[in-house]
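Residues in the sequence shown are numbered consecutively from 2, following my numbering.
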Amino acid sequence: MTAKKRILICDDEEGIRESLKLILENDYDLIFSCNGKECLEKLECEQDVKLVLLDIKMPKQNGLEITQEIKRACPDIKIIIVTGYASPEIAQEAICIGVNDYIPKPFASKEILRKVNNLC
């Protein structure tokens, strides 16, 4: 049996974390964080994280700042930004700093699965 690929979900909204859990838990090994500091700490101690689903607007650090730190420390980790603040400017900035994909909130289950499966 093949081990499930590990995904870190970082969002300050518990409802979003729960929604993503319901969509992805059958196919992936999930770990969770509720802010950027915790996200970076978990990446330091968790092995084999393949993908981070990351909110942009969070307390302490925004998702774009966290993306830059993740890419410096772990350049092979894929990142999908999941945000309610969808604008072409933010999407372009995110892609320029290394984000692999971008999903606006509210999202559809099929869209999440398609994009996650594509990167994992």
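Note that the Cβ used here is the ideal one computed from N, Cα and C, for glycine as well.
Computed from a prediction, not measured in an experiment: that's the story for all the values here.
| Query | Result |
| --- | --- |
| Beta-carbon contacts of Asp49 that lie in its chain and below 7 angstroms, excluding the five residues immediately before and after | Arg7 |
| Span separating the alpha-carbon of Ile81 from that of Thr3 | 24 angstroms |
| Cα-Cα separation between Leu54 and Arg73, rounded to whole angstroms | 17 angstroms |
| As assigned by DSSP and simplified to three states, the class of Ile57 | coil |
| C-alpha distance - Asn101 paired with Lys38, whole-angstrom precision | 21 angstroms |
| Cys11, DSSP secondary structure in three states | strand |
| Contact under 8 angstroms by Cβ, Cys121 with Leu52 | yes |
| Assigned exposure category for Leu25 - 16 Cβ within 10 Å defines buried | buried |
| Per DSSP, cross-strand counterpart(s) of Lys79 | Leu52 |
| Chain-order list of residues whose beta-carbon lies under 6 angstroms from that of Cys11 (same chain, five-residue window excluded) | Ser34, Cys40 and Leu55 |
| Closer than 8 angstroms to chain B by CB, Ile8 | The structure shown has no chain B; it contains just one protein chain. |
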